[in-house]
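Participant: Residue numbers (this note's numbering), protein chains in the order written: chain F, 1 to 230; chain L, 1 to 461.
Quick reminder that beta carbons are idealized off the backbone N, C-alpha and C, glycines included.
The structure displayed is predicted, hence computed values, not measured ones.
Okay, handing you the structure first.
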């Protein structure tokens, strides 16, 4: 009897990861896959990403999964309201099929509307949106729209939202420890995982070969030396 | 003709106007406009193209649809009949419809208001026998003659011998009876669908609010879709024209162009785009007439329904083309784009926003290998390229962005471009040394140094 109840998908044990109704899309980082219910980015779910600042590798974190969706599942990617123009050569180099990419620069409330429309569209595999001033009610609507589809929905929000409650079933705080990219799972189905998780997201080059500034080599030499992690 | 409310007060056809007003002072009189009835019937004939290509128009008020070829597609007689009647009512008409194996029998049943479908020829004598004589549309003289034989109903007429009937009343009635019963063939002239679709709709009242035009617009869209279905075509753009009130200062017609990412004849898609565009439309004056024109239909073959549910054009879920159109209609066409890579050494030119290209009718898209591998790039390239390079402060020879930047890789020299110097908006000649830099807050940036100074150009997001 008890074992039957424990078998149910909507029952999880406190010490266990929740079983996801759909298998996730592998993130491309084995250590992160292990911590996520479903073994990857969850489908039909709103994933909230809170990077502490731009340019730390927050989009590179998603690229392995997005590239797999676009090249293996032939699914479309929809990017809504990116803060800066996306650069095609870098996306293509990361394996994203540009012929199945759609970018919508939508201001304010239109951005959430565009997400909702994209989630209701067949053939779309993932929606990546930057919604800096989304309210909880709006996120709730997006979560419902995501549940009705089978898609990945990533929403980037500012880090000060970390303290506020959110309807997103999966919330990740992206930060850096020294120069290492670190993910902190703020919320997931199956209990929070407070330990920060260092990930080797793709960076243009290993940090180890710092370059002397050709114009002022002596200045670089005098700058305080920071611990480097390759 | 009088509507139900008027009829209840005793207003009947044949009454003089003064008497009618005596009975019902609030009576509104509409003069019958034959030309508009004609136009409405032609529009309805186009609309009927959704259901069948065999349409026959019998002015002033009859439309015949030959539906035996469409039964399977629409799931049987009962469903099709119900759907046609409902759709016709949605067009703003109050149809009296009937279904019968011969056109004349259908006409007579409809005139008598007998909406029960009659599917088998063998039932026809029985069904027709119940109709009153008035449906035959006989002249007064013929009616008198029939009355003189003691004929009171259609059943009595059917009982009479045909030869005698021909001798006494002329061959017209006997032939009609034979045609109605299916004993004689009854070919009808087909409605010729026009080459170009231009349909006008006079609004019953002057409309100032754009949203109130929605209903009239949807009627025209349905007619357009029927016309397209018959032609096996789709439109990638069509135009609504709103004619304003005639008067001293008549304004030119407001034109609303609807564009679609791919040729379509789905009424739902066209309606949705129309609805979105209408929301943002400001009318300079009241509208009294709407015209819908479709200039260049492109061939759009119908698709066979797939085994497991519908896909593509007629899909229940939104298709990608509908998404692109919806976004373009609300955000503006410039704000929805795809990206492509250009073989250009200047970073700004290597990435280009292009209008989204949708695979047309692509069922199993070919798997395309990524053309450029990561190492094929000339150097590290950021995921975000700022729209305009942002100037950076320089302190003691080092660029600053929230503190001194640490340069990790470079310089990568990117220079020249004199060939488009004269073009407007072009980048022109450049001479830049690019570096990958990390800020004290661990942001990965793409910066360059030119003759003027340091600039931030990209972010390795």
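To be precise: take each residue of the stretch 105 to 116 of chain F, compare its Cβ to all Cβ atoms of chain A, and keep it if any distance is under 8 Å. Which residues remain?
Facilitator: Structure shown: chain A not included; protein chains present are F and L.
Participant: Taking C-beta to C-beta, are residue 128/F and residue 142/F nearer than 8 Å?
Facilitator: The residue given as residue 128/F occupies position 128 in the first chain. The residue given as residue 142/F occupies position 142 in the first chain. No, they are not a contact pair.
Participant: Within the same chain, show all residues whose beta-carbon is closer than 7 Å to that of residue 112/L, passing over the 5 residues directly before and after it, in chain order.
Facilitator: Translated into the one-based positions of the second chain, residue 112/L becomes position 112. Once the five neighbours on either side are set aside, the close Cβ partners of residue 112/L are 131, 132, 135.
Participant: Tell me which same chain residues have a C-beta within less than 7 Å of the C-beta of residue 227/L, skipping the five on either side of it?
Facilitator: Translated into the one-based positions of the second chain, residue 227/L becomes position 227. The answer, listed in chain order, is 46, 49, 193, 197.
Participant: Quick one: Cα of residue 214/F to Cα of residue 426/L, how far?
Facilitator: As a first step, residue 214/F must be located in the first chain, where it is residue number 214. As a first step, residue 426/L must be located in the second chain, where it is residue number 426. With a pLDDT of only 44 at residue 214/F, under 50, the local geometry of the prediction cannot be trusted, and no value is derived from it.
Participant: Using only alpha-carbon positions, find the residue among 447/L, 237/L, 157/L that is nearest to residue 413/L.
Facilitator: Looking up residue 413/L in the second chain gives position 413. Of 447/L, 237/L, 157/L, the residue nearest in Cα terms is 447/L.
Participant: Name, please, each residue of chain F whose Cβ falls closer than 8 Å to the Cβ of residue 277/L.
Facilitator: As a working note, residue 277/L is residue 277 in the second chain. Chain F residues near residue 277/L: none, gap ~15 Å exceeds 8 Å.
Participant: Could you give the first and the last residue of the continuous beta strand (DSSP E) run that contains residue 390/L?
Facilitator: As a position in the second chain, residue 390/L is number 390, starting the count at 1. Where residue 390/L is concerned, the enclosing beta strand (DSSP E) stretches over 384 to 395.
Participant: For residue 170/F, list the residues DSSP reports as bridge partners.
Facilitator: Stepping through the first chain from its first residue, residue 170/F is reached at position 170. DSSP, once it has assigned bridges, lists 47/F as partnering residue 170/F.
Participant: Taking 8 Å as the CB-CB cut-off, is residue 176/F touching chain L?
Facilitator: By 1-based counting over the first chain, the position of residue 176/F is 176. Closer than 8 Å: yes.
Participant: If you scan the stretch 41 to 89 of chain F from start to end, which runs of the alpha helix (DSSP H) of 4 or more residues do you find wholly inside it?
Facilitator: Counting whole runs of 4 or more residues, the stretch 41 to 89 of chain F contains the alpha helix (DSSP H) stretches 63 to 72.
Participant: Is the separation between the beta-carbon of residue 336/L and that of residue 350/L shorter than 8 Å?
Facilitator: Translated into positions along the second chain, residue 336/L becomes position 336. Translated into positions along the second chain, residue 350/L becomes position 350. No, the pair does not count as a contact, with Cβ atoms beyond the cut-off.
Participant: Using a beta-carbon distance below 8 Å, is residue 130/F in contact with chain L?
Facilitator: Sequence index remark: in the first chain, residue 130/F carries index 130 (1-based). No, because no Cβ of chain L sits closer than 8 Å to the Cβ of residue 130/F.
Participant: As a quick exercise: from 429/L, 382/L, 347/L, pick the residue whose alpha carbon is nearest that of residue 438/L.
Facilitator: As a position in the second chain, residue 438/L is number 438, starting the count at 1. Answer by Cα proximity: 382/L.
Participant: Let me know the alpha helix (DSSP H) ranges lying completely inside the stretch 336 to 363 of chain L, each 4 residues or longer, listed in chain order.
Facilitator: Correct list: 347 to 350.
Participant: Measuring CB to CB, does residue 99/F end up less than 8 Å from residue 357/L?
Facilitator: Locating residue 99/F in the first chain gives position 99, counting from the first residue. Locating residue 357/L in the second chain gives position 357, counting from the first residue. A contact, by the Cβ cut-off of 8 Å.
Participant: Tell me, to the nearest whole angstrom, how far the beta carbon of residue 261/L is from that of residue 199/L; I am working on the premise that it is less than 8 Å.
Facilitator: Counting from one through the second chain, the residue named residue 261/L turns up at place 261. Counting from one through the second chain, the residue named residue 199/L turns up at place 199. Not confirmed; about 24 Å, so no contact.
Participant: Run through chain L and tell me which residues come within less than 8 Å of residue 57/F, C-beta to C-beta.
Facilitator: Residue mapping note: residue 57/F aligns to position 57 of the first chain, counting from 1. Within 8 Å Cβ-Cβ: 444, 460, 461.
Participant: Is the number of C-beta pairs between the stretch 108 to 117 of chain F and the stretch 400 to 417 of chain L that are closer than 8 Å three or more?
Facilitator: Judged by Cβ distances under 8 Å, the stretch 108 to 117 of chain F makes no contact with the stretch 400 to 417 of chain L, as fewer than three pairs qualify.
Participant: Note down, in chain order, all residues in the stretch 79 to 90 of chain F with a beta-carbon under 8 Å from any beta-carbon belonging to chain L.
Facilitator: Under the 8 Å Cβ criterion, the stretch 79 to 90 of chain F contributes 82, 83, 84, 85, 86, 87, 88, 89, 90.
Participant: For residue 374/L, collect the residues of the same chain with a Cβ closer than 7 Å to its Cβ; drop the 5 residues on either side in sequence, then sort them by chain order.
Facilitator: For the purposes of this step, residue 374/L is taken as residue 374 along the second chain, with counting starting at 1. Confidence at residue 374/L is low in this model, with a pLDDT of 47, below 50, so its placement is unreliable and the value that follows should be read with caution. Excluding positions up to five away in sequence, the list is empty.
Participant: Since residue 407/L and residue 457/L are thought to touch, with beta carbons under 8 Å apart, how far apart are those beta carbons, to the nearest angstrom?
Facilitator: What you label residue 407/L is simply residue 407 of the second chain in a count that begins at 1. What you label residue 457/L is simply residue 457 of the second chain in a count that begins at 1. No, residue 407/L and residue 457/L are not in contact; Cβ-Cβ is about 14 Å, not under 8 Å.
Participant: Please classify residue 171/L: does DSSP put it in a helix, a strand, or coil?
Facilitator: Within the second chain, the letter at position 171 stands for residue 171/L. Residue 171/L falls in the helix class under three-state DSSP.
Participant: At what residue ranges does the stretch 83 to 157 of chain L contain a whole run of the alpha helix (DSSP H), taking only runs of 4 or more?
Facilitator: Entirely contained in the stretch 83 to 157 of chain L, the alpha helix (DSSP H) runs reaching 4 residues are, in chain order, 103 to 111, 124 to 129, 140 to 149.
Participant: Can you pull out the residues from the stretch 420 to 434 of chain L whose beta carbon lies closer than 9 Å to at least one beta carbon of chain F?
Facilitator: Result list: 433.
Participant: Might you give, ordered along the chain, the residues of its own chain that have their beta carbon closer than 6 Å to the beta carbon of residue 217/F, omitting 5 neighbours on each side?
Facilitator: Translated into positions along the first chain, residue 217/F becomes position 217. With a pLDDT of 37 at residue 217/F, under the threshold of 50, the modelled position of this residue cannot be trusted; read the value that follows with caution. Closer than 6 Å at the Cβ level, and outside the excluded window around residue 217/F, lies no residue.
Participant: Just checking, does the stretch 238 to 250 of chain L make contact with the stretch 66 to 82 of chain L on the three C-beta pairs under 8 Å criterion?
Facilitator: Judged by Cβ distances under 8 Å, the stretch 238 to 250 of chain L makes no contact with the stretch 66 to 82 of chain L, as fewer than three pairs qualify.
Participant: Output the boundary residues of the alpha helix (DSSP H) element that contains residue 293/L.
Facilitator: Position 293 of the second chain, counted from the start, is the residue given in the question as residue 293/L. Careful: residue 293/L lies outside any alpha helix (DSSP H), inside the beta strand (DSSP E) at 287 to 294.
Participant: Which of the three DSSP states, helix, strand or coil, is assigned to residue 51/L?
Facilitator: Locating residue 51/L in the second chain gives position 51, where the first residue counts as 1. Reduced to three states, the DSSP call for residue 51/L is coil.
Participant: Is it buried or exposed, residue 5/L, if we count other Cβ atoms within 10 angstroms and call 16 or more buried?
Facilitator: The sequence position of residue 5/L within the second chain is 5, counting from 1. Per the 10 Å Cβ criterion, exposed.
Participant: For a cutoff of 8 Å on Cβ pairs, would you count residue 317/L as touching chain F?
Facilitator: As a first step, residue 317/L must be located in the second chain, where it is residue number 317. Only weak support exists for where residue 317/L lies, its pLDDT of 46 falling under 50; the coordinates are left without a value.
Participant: Using the C-alpha atoms, what's the distance from residue 443/L back to residue 391/L?
Facilitator: In the second chain, counting from the first residue as 1, residue 391/L sits at position 391. In the second chain, counting from the first residue as 1, residue 443/L sits at position 443. Spanning the two alpha carbons is a distance of roughly 17 Å.
Participant: In whole angstroms, what separates the C-alpha of residue 147/L from that of residue 98/L?
Facilitator: If you number the second chain from 1, residue 147/L lands on position 147. If you number the second chain from 1, residue 98/L lands on position 98. Approximately 28 Å between the Cα atoms of the pair.
Participant: Any chance you could list the alpha helix (DSSP H) runs of at least 4 consecutive residues sitting entirely within the stretch 4 to 44 of chain L, in chain order?
Facilitator: Whole alpha helix (DSSP H) segments, 4+ residues: 4 to 8, 17 to 23.
Participant: So, under 8 Å CB-CB, residue 188/F and residue 48/F are touching, yes? Tell me the CB distance rounded to an integer number of Å.
Facilitator: Position 188 of the first chain, counted from the first residue, corresponds to residue 188/F. Position 48 of the first chain, counted from the first residue, corresponds to residue 48/F. Contact doesn't hold; Cβ gap of about 11 Å is too wide.
Participant: Along the chain, where does the beta strand (DSSP E) containing residue 449/L start, and where does it finish?
Facilitator: Against the second chain, residue 449/L aligns to sequence position 449. Note, residue 449/L: beta strand (DSSP E), 444 to 449.
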